[in-house]
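Colleague: Using the numbering used here, the letters of the sequence shown map in sequence onto residues 53 to 536.
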Amino acid sequence: MALKNGREYQQSIEDLALEAHVMGQAESHLTRHPLVRPSLAAVAVTYDGAHAEDAATRDLFRAHSPLCGEEVNRFTHLHRSTDDLVKKVKMQRYCGLATGCCFQRCVGMDAANAVFSTTYDCDAACGTDYHARFKTYWSGIQEKDLVVDGAMTDPKGDRGRRPKDQRDPDLFLRVVERRRDGVVVCGAKLHQTGMLNAHEMLVMPTMGMKAGEEDWAICFAVPTNTPGIRYIYGRQTSDTRKLETPALDAGNPRFGGQEVMTVFDRVFVPRERIFLDGELPYSGRLVERFAAYHRQSYGGCKVGVGDVLIGATALIARMNGVAQASHIKDKLVEMIHLNETLFASGIACSAMGHPTPAGNFEIDMLLANVCKLNVTRFPFELARLATDIAGGLLGTMPSAHDLEDPVAGPYIKKYLAAAEDTDPVDRIKVLRLIENLVAGSGAVAYLIESMHGAGPPMAQRIMIGRQGGLEEKMARVKRLLDVA
Ligand code: SF4
């Protein structure tokens, strides 16, 4: 087995020949599509990191796996220690800083760690054989160094109704037919990050299922090019700027994220790829564990993107000639403080992790939820401060086409001049990057996803309420005060 590099990875995705509906067109050359290509390039960074020149970076991206007995890319690793959990967050910060966007590969890593421990628990209680199946499956993923999309979010239809009570039962993905050698499923998964850049998908229930909902308590894996699966590409703000040349107005000219609606139209799943089928209590446990791992992930990836926003904001302050103003310096310090607070909670939930009975390591659930709740707030404040410092030009700049115009171009360069030694075109580049993150296609991952990815704020508040130890705290106070 060899750890793939970014080029080999991109070729392997091209070989899958996936098809998708992209803005009204059925597209079959996705890896070359200008809307899709930046997202593929972002995932490639997760492969190139394992081949970085410096040993410290390689160490972040590589881990020894007892499962396949070899060195694997950490994005396929089952965490074996708190050190692994900490390195995961550092690796994600590295990728966020390198790309300035969502690099998409974390969902499968988080799903695998949750499925690994949940199948173990399920087998111990129910006498099933899911854990052995999953180990065989995941060992193959590690050996081939594949991208796996973790697919959880169902459309959910009427939120006031249970899956079995929906007018259309497919609004929650479910088993519609059982065969001796497997099952057939129908339904959809929304908001699928990086799905078209993945080789495989690991599908999980969207929530804890109750009696009568056994057909919805299904977890399985299939290759992304399985017959019956259809993809519909998600739009992002200002996404068509990626179709333009020159690329300046895109803001982040090389990288970007990807979200896809994935439809399962009678998809067959072979028995050996099923990891949960009707064992109700383990559907909720799986959701809780996956969510916690992904809430930890945000303490790395969003921090890396925050680093990009802070760097761009400091740069534009310098280009504008205001870097020495005390209120600018103070706002930059505030941005750093908020960003490092996110990182601190990502590291804290990792350092406070613990082994599961299955043998992999799990984060501290309470602190992972605190981490993600912070992520639902702080990037918005970082974006506000960046907008404040960048100035109104952020919303009024002429297009890159006018820069090239023989009449308009010289005026733009003359009147967008700022601090001495600042090239006006460089100034526009930095402003476009900030615009991308606070209001453009990058804001999908940096802001909307910070709010809703891995669950909205209320989901974290519920978990924090459950795990906050209020009874214990009250008992301690009673003891302190000698209260009955
Ligand atoms: Fe990874 Fe962050 Fe994208 Fe989730 S949002 S896949 S954690 S980069």
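Just so it is clear, CB atoms sit at the ideal spot from N, CA and C, and this is done for glycine as well.
All figures in this text were calculated on a predicted structure; none of them were measured in a lab.
#1: Answer with buried or exposed for T448, where buried requires no fewer than 16 other C-beta atoms within 10 angstroms of its C-beta.
#2: How many angstroms separate the CA atom of V529 from the CA atom of I516?
#3: Give me the Cα-Cα distance between D114 and H103, rounded to the nearest whole angstrom.
#4: Put K481 into one of helix, strand or coil per three-state DSSP.
#5: So what's M253 in DSSP terms, helix, strand or just coil?
#6: With three or more C-beta pairs closer than 8 Å as the rule, is the region 75-89 touching the region 115-124?
#7: Would you decide whether D220 is buried or exposed? Buried here means 16 or more other CB atoms lie within 10 Å of its CB.
#8: Is it the case that the CB of Y350 approaches a heavy atom of the ligand SF4 more closely than 7 Å?
#9: Could you give the uninterrupted runs of the alpha helix (DSSP H) lying entirely in the region 171-259, keeping only those of 4 residues or more?
#10: Taking 8 Å as the threshold, find out whether the region 202-215 comes into contact with the region 288-299 through three or more Cβ pairs.
#11: Check whether the Cβ of E252 sits closer than 7 Å to any heavy atom of the ligand SF4, and report yes or no.
#12: Exposed or buried, which one is T292 when buried takes at least 16 other CB atoms within 10 Å?
#13: Quick check on DSSP: helix, strand or coil for F113?
#14: If the criterion is Cβ atoms closer than 8 Å, does the pair V355 and G152 meet it?
#15: Does N165 come out as helix, strand or coil in the three-state DSSP assignment?
#16: Determine the closest residue to V227 out of K187, N277, V459 and R318, with distance taken between C-alpha atoms.
#17: Using the Cα positions of D437 and D106, report the straight-line distance between them to the nearest angstrom.
#18: Go to M313, then tell me how far its beta strand (DSSP E) extends in each direction, as first and last residue.
#19: Does at least one heavy atom of the ligand SF4 sit under 7 Å from the Cβ of C401?
#20: Am I right that F327 and F272 are in contact with their C-beta atoms under 8 Å? What's the rounded C-beta distance?
#21: Considering only their Cβ atoms, is the gap separating G492 from G303 smaller than 8 Å?
#22: Candidates L468, G160 and A364: which alpha carbon is nearest Y189's?
#23: If R370 sits next to A471, beta carbons under 8 Å apart, how far is it from one beta carbon to the other, in whole angstroms?
#24: Looking at the ligand HEM, does it come within less than 7 Å of E501, judged from the CB to the closest heavy atom?
#25: Any idea if S91 is buried or exposed, counting beta-carbon neighbours within 10 angstroms, 16 or more meaning buried?
#26: What residue does the alpha helix (DSSP H) around A104 start on, and which one ends it?
#27: Please classify V459: does DSSP put it in a helix, a strand, or coil?
#28: My output table needs one value for I516: the three-state DSSP class, helix, strand or coil.
#29: Is the beta carbon of V237 sitting closer than 8 Å to the one on V141?
#30: What is the DSSP secondary structure of P275, counted as helix, strand or coil?
#31: Just list the alpha helix (DSSP H) runs in the region 300-380, keeping only unbroken ones of 4 residues or longer that don't cross its boundaries, in chain order.
#32: From H85 to E252, what distance separates their C-alpha atoms?
#33: Is the beta carbon of L445 closer than 8 Å to that of T439?
#34: With distances taken between CB atoms, is the gap from D67 to T128 smaller than 8 Å?
#35: Roughly how many angstroms separate the alpha carbons of A343 and D475, rounded to a whole number?
#36: By DSSP, does N412 sit in helix, in strand, or in coil?
Modeller: Taking the geometry as given:
#1: If you number the sequence shown from 1, residue 448 lands on position 396. That one is exposed.
#2: By one-based count along the sequence shown, residue 529 stands at place 477. By one-based count along the sequence shown, residue 516 stands at place 464. Rounded to the nearest whole angstrom, the C-alpha separation of V529 and I516 is 20 Å.
#3: Walking along the sequence shown from the start, residue 114 turns up at place 62. Walking along the sequence shown from the start, residue 103 turns up at place 51. One point to set straight first is that residue 114 is Arg, not Asp, in the sequence displayed. Going by the C-alpha atoms only, they are around 9 Å apart.
#4: As a position in the sequence shown, residue 481 is number 429, starting the count at 1. Helix, per DSSP.
#5: To locate residue 253, count along the sequence shown from 1; it is residue 201. Strand at M253.
#6: Touching, no, given that fewer than three Cβ pairs across the two stretches are closer than 8 Å.
#7: Residue 220 sits at position 168 when you count from the first residue of the sequence shown. Around the Cβ of D220, a 10 Å sphere holds fewer than 16 other Cβ atoms; the residue is exposed.
#8: Taking the sequence shown and counting its residues from 1, the one referred to as residue 350 is at position 298. Yes - the ligand SF4 has a heavy atom lying nearer than 7 Å to the Cβ of Y350.
#9: Correct list: 182-196.
#10: No, they do not touch.
#11: Translated into the one-based positions of the sequence shown, residue 252 becomes position 200. The nearest non-hydrogen atom of the ligand SF4 is 7 Å or more from the C-beta of E252.
#12: As a first step, residue 292 must be located in the sequence shown, where it is residue number 240. With fewer than 16 neighbouring CB atoms inside 10 Å of its own CB, T292 falls in the exposed class.
#13: Here residue 113 corresponds to residue number 61 of the sequence shown, with the count starting at 1. Here F113 sits in helix by DSSP.
#14: Counting from 1 along the sequence shown, the entry for residue 355 is found at position 303. Counting from 1 along the sequence shown, the entry for residue 152 is found at position 100. V355 is not a Cβ neighbour of G152, given a cutoff of 8 Å.
#15: Working through the sequence shown from its first residue, we reach residue 165 at position 113. It is helical.
#16: Position 175 of the sequence shown, counting from 1, holds the residue named residue 227. Looking at the Cα atoms, R318 is the closest of the given residues.
#17: Looking up residue 437 in the sequence shown gives position 385. Looking up residue 106 in the sequence shown gives position 54. Note that residue 437 corresponds to Leu in the displayed sequence, not to Asp. L437 and D106: Cα-Cα distance of roughly 34 Å.
#18: Taking the sequence shown and counting its residues from 1, one reaches residue 313 at position 261. M313: member of the beta strand (DSSP E) spanning E311 to P322, first to last residue.
#19: Here the question's residue 401 lines up with position 349 in the sequence shown. Not so, every heavy atom of the ligand SF4 lies at least 7 Å from the Cβ.
#20: Taking the sequence shown and counting its residues from 1, the one referred to as residue 327 is at position 275. Taking the sequence shown and counting its residues from 1, the one referred to as residue 272 is at position 220. Right, the Cβ-Cβ distance comes to about 6 Å (below 8 Å), so this counts as a contact.
#21: Reading the sequence shown from its first residue, position 251 is the one you call residue 303. Reading the sequence shown from its first residue, position 440 is the one you call residue 492. Going by C-beta atoms, G303 is nearer than 8 Å to G492.
#22: Start at 1 with the first residue of the sequence shown, and residue 189 comes out as number 137. Relative to Y189, the option among L468, G160 and A364 whose CA is nearest is G160.
#23: Position 318 of the sequence shown, counting from 1, holds the residue named residue 370. Position 419 of the sequence shown, counting from 1, holds the residue named residue 471. Yes, R370 and A471 are in contact; Cβ-Cβ is about 7 Å, under 8 Å.
#24: Within the structure as shown, the ligand HEM is missing, the only ligands being the ligand SF4.
#25: For the purposes of this step, residue 91 is identified with residue 39 of the sequence shown, where counting begins at 1. Using a 10 angstroms sphere on the CB of S91, the tally of other CB atoms reaches 16 or more, which defines it as buried.
#26: Start at 1 with the first residue of the sequence shown, and residue 104 comes out as number 52. That residue, A104, is in no alpha helix (DSSP H); it is neither H nor E in DSSP.
#27: In the sequence shown, counting from the first residue as 1, residue 459 sits at position 407. V459 falls in the coil class under three-state DSSP.
#28: Taking the first residue of the sequence shown as position 1, residue 516 is located at position 464. Under the three-state reduction of DSSP output, I516 falls in the helix class.
#29: Numbered from 1 along the sequence shown, position 185 holds the residue referred to as residue 237. Numbered from 1 along the sequence shown, position 89 holds the residue referred to as residue 141. Against a cut-off of 8 Å, the Cβ pair of V141 and V237 comes out as no contact.
#30: Residue numbering aside, residue 275 sits at position 223 when the sequence shown is read from its first letter. Residue state, collapsed to three classes: strand.
#31: With a minimum length of 4 residues, the continuous alpha helix (DSSP H) runs that stay inside the region 300-380 are 332-372.
#32: Counted from its first residue, the sequence shown places residue 85 at position 33. Counted from its first residue, the sequence shown places residue 252 at position 200. Rounded to whole angstroms, H85 to E252 spans 21 Å at the Cα level.
#33: Here the question's residue 439 lines up with position 387 in the sequence shown. Here the question's residue 445 lines up with position 393 in the sequence shown. Between T439 and L445, the gap from beta carbon to beta carbon reaches 8 Å or more.
#34: Position 15 of the sequence shown holds residue 67. Position 76 of the sequence shown holds residue 128. At least 8 Å separates the beta-carbon of D67 from that of T128.
#35: Your numbering for residue 343 matches position 291 in the sequence shown. Your numbering for residue 475 matches position 423 in the sequence shown. Approximately 45 Å, taken between the alpha carbons.
#36: Sequence index remark: in the sequence shown, residue 412 carries index 360 (1-based). Coil, per DSSP.
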